[in-house]
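Residue numbers (the working numbering): 12 to 102.
All C-beta atoms in this analysis are idealised placements derived from N, C-alpha and C, irrespective of residue type, glycine included.
Note that the coordinates shown come from a computational prediction; the quantities given were computed from them, not determined experimentally.
One structure below.
Laid out in structure tokens, this is it:
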């Protein structure tokens, strides 16, 4: 396996090592997992390069949300009122 030399401050090394210990990992395994998590979070987060990219992004979000009209404001208010009533004592 290739090796990578990483230079960090002593306080950062201490924080990383403590986090690794809490998770039951070696520092090396914890750093690999942290790097993988960061790459996974950034996957698909390419910047928009054109107006078409923006429209495609919103079309994809609409498709994920499903079809149907957005609830009107009175429906939103009714949901909020019902939620508040669930926390009331009834007196």
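Cα atoms of residue 61 and residue 53: separation of roughly 19 Å, rounded to the nearest angstrom.
For residue 90, the uninterrupted alpha helix (DSSP H) segment begins and ends at 84 to 97.
The continuous alpha helix (DSSP H) containing residue 25 extends over residues 21 to 33. Using a Cβ distance threshold of 8 Å, residue 38 and residue 46 do not count as a contacting pair. Burial state of residue 84 is exposed, judged by a 10 Å Cβ sphere holding fewer than 16 other Cβ atoms.
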